[in-house]
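The structure under discussion appears below in the form of structure tokens.
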Amino acid sequence: AESNSQILRGCVSDKDCSGGHKCCVFDCGAVCVPPAFTKPGVCPRRKFGAGMCAEFCVNDSDCPNDEKCCSNGCGHECTAPYTVKPGRCALPKGTPMCAEYCYHDGQCPAEQKCCPTTCGHACSEPC
Numbered sequence: 001a002e003s004n005s006q007i008l009r010g011c012v013s014d015k016d017c018s019g020g021h022k023c024c025v026f027d028c029g030a031v032c033v034p035p036a037f038t039k040p041g042v043c044p045r046r047k048f049g050a051g052m053c054a055e056f057c058v059n060d061s062d063c064p065n066d067e068k069c070c071s072n073g074c075g076h077e078c079t080a081p082y083t084v085k086p087g088r089c090a091l092p093k094g095t096p097m098c099a100e101y102c103y104h105d106g107q108c109p110a111e112q113k114c115c116p117t118t119c120g121h122a123c124s125e126p127c
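Reminder that position 23 of the sequence shown reads as 23 in the UniProt record's numbering, one-by-one numbering, no gaps.
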């Protein structure tokens, strides 16, 4: 088994890494990571339509910092993952709100969550 010292070793390019590891840039500098390194977080839902039909990344280790390699509807690109905040959404009230005011919890202030409304999504206090 490989030691964690391999994963945490600093680097400038992929050739500085052994064992097929890749040199990935994070906030604290570049380090060697396994090629199929999976980062925490969830890829955001596509809003509308599709992005560019090109493969800008293959897996999370191709992306800087906390970005993940996510589908854009046609290809893949590095995207900031969304945050899932604790708590549950209350059931939608009778007031019809048919617009998408948010797509994920990370777009809502403080502890608010992105919750389904009668026919859309809006920021709401968790229950």
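Every residue, glycine too, gets a C-beta built ideally from N, C-alpha and C.
Just measuring C-alpha positions, the residue of Gly20, Cys17, Ser124 and Val58 sitting nearest Asn72 is Val58. Gly10 carries a strand assignment under DSSP once its states are collapsed to helix, strand and coil. The C-beta distance from Ala80 to Tyr101 rounds to 19 angstroms, too long to fall under 8 angstroms, and the pair is not in contact. Scanning its chain for C-beta atoms nearer than 8 angstroms, with the 5 sequence neighbours on each side dropped, one finds around Gly75 the residues Gly51, Met52, Cys53, Ala54, Glu55 and Phe56, in chain order.
Burial state of Lys113 is buried, judged by a 10 Å Cβ sphere holding 16 or more other Cβ atoms.
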